[in-house]
Amino acid sequence: MLSYRHSFHAGNHADVLKHTVQSLIIEALKEKEKPFLYLDTHAGAGRYQLSGEHAERTGEYLEGIARIWQQDDLPETLLPYIDAVKALNKNGKLRFYPGSPLIARHLLREDDKLQMTELHSSDFPMLRNEFLKDNRARTEKADGYQQLKSKLPPHSRRGLILIDPPYELKTDYQDVVKGIQEGHKRFGTGVFALWYPVVLRQQIKRMCKDLEATGIRNILQIELAVRPDSDQRGMTASGMIVINPPWKLEKQMRDLLPWLHKTLVPAGTGHTSVNMIVPE
């Protein structure tokens, strides 16, 4: 049933956006001493080999992380994310890309906790093996949406919940809204970060309207497009919807996105946007 493999897309422009936002949220949560939970509902394999068959077949990382990771003039807001990438590639060659679990592992402190879920029968064993020796971490082969019910609220009452489904099914666009609603009902002060692809713009508009209809407040939308919207097959953009964003995040992304777009999309096609779609 599950056929999506992120190894084909690791390190692309969508990952750059997603993992930049993830890193900035984690850094903001670390500004307080109290520990927090990082919950990853669709965690994937953890790390991806960029010289492997899947990544080489698409070459998407060449127009993503490969364009920025060794630049000397990186904006400061990119440094936590790029540090996590460099930690896997210490010889100066870009061989591996860290998925969101490994970025979290690199950035979290000793007292923080990681809870990660993956259903894919090939990806889960790799994820589990990555974290066997990490006492902070728990991995489960389970439905990620169910974790929003069973794992929230965390004991610390602080946390980041990253929701990054494969969107293989059209129902995923409705399921993410239902999942967020369930999670927010249990943990209203948590930071929820939802990644989404823009394949058909109408799907995203409908998803955002459904999210607004839940009554949840304080929703920030961040988007990076590499091409104009199209009715043709393929992802033209991706975005992050962040509920209860750290107070600095909106400005950080407004300042960063023009640089990121210029660097990742030399042709200048597409757009960037940062909008508070529902105020506090």
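In the UniProt record's numbering, the protein residues as written are 1 to 280. Cβ coordinates follow ideal geometry from the N, Cα and C atoms, glycine included. Keep in mind that this is a model prediction, so the values were computed, not measured.
Reducing DSSP to helix, strand and coil, say where T20 ends up. helix
What number of angstroms, rounded off, separates the C-alpha of L79 from the C-alpha of K86? 10 Å
Is it buried or exposed for I204, if we count other Cβ within 10 angstroms and need 16 for buried? buried
What did DSSP end up calling A55 once you bin it into helix, strand or coil? Confidence at A55 is low in this model, with a pLDDT of 46, below 50, so its placement is unreliable and no value can be given for it.
Helix, strand or coil, according to DSSP, for K151 in the structure here? coil
Simplified DSSP assignment, three categories, for Y81: helix
For I216, the nearest candidate out of M207, A193, K185 (CA to CA): K185
Kindly give me the distance between the Cβ atoms of P246 and T236, rounded to whole angstroms, as I take these residues to be in contact under 8 Å. 28 Å between Cβ atoms; not a contact.
Residues that DSSP places opposite Q49 in a beta bridge: F96
According to DSSP, simplified to helix, strand and coil, what is F192? strand
Grouping DSSP H, G and I as helix and E and B as strand, with all else coil, what is N129? helix
Among R95, K151, L29, which has the Cα closest to the Cα of D40? K151
Could you check whether M207 and Y173 sit closer than 8 Å to each other, using their CB atoms as the reference points? yes
Could you give the DSSP three-state label for P197: helix, strand or coil? strand
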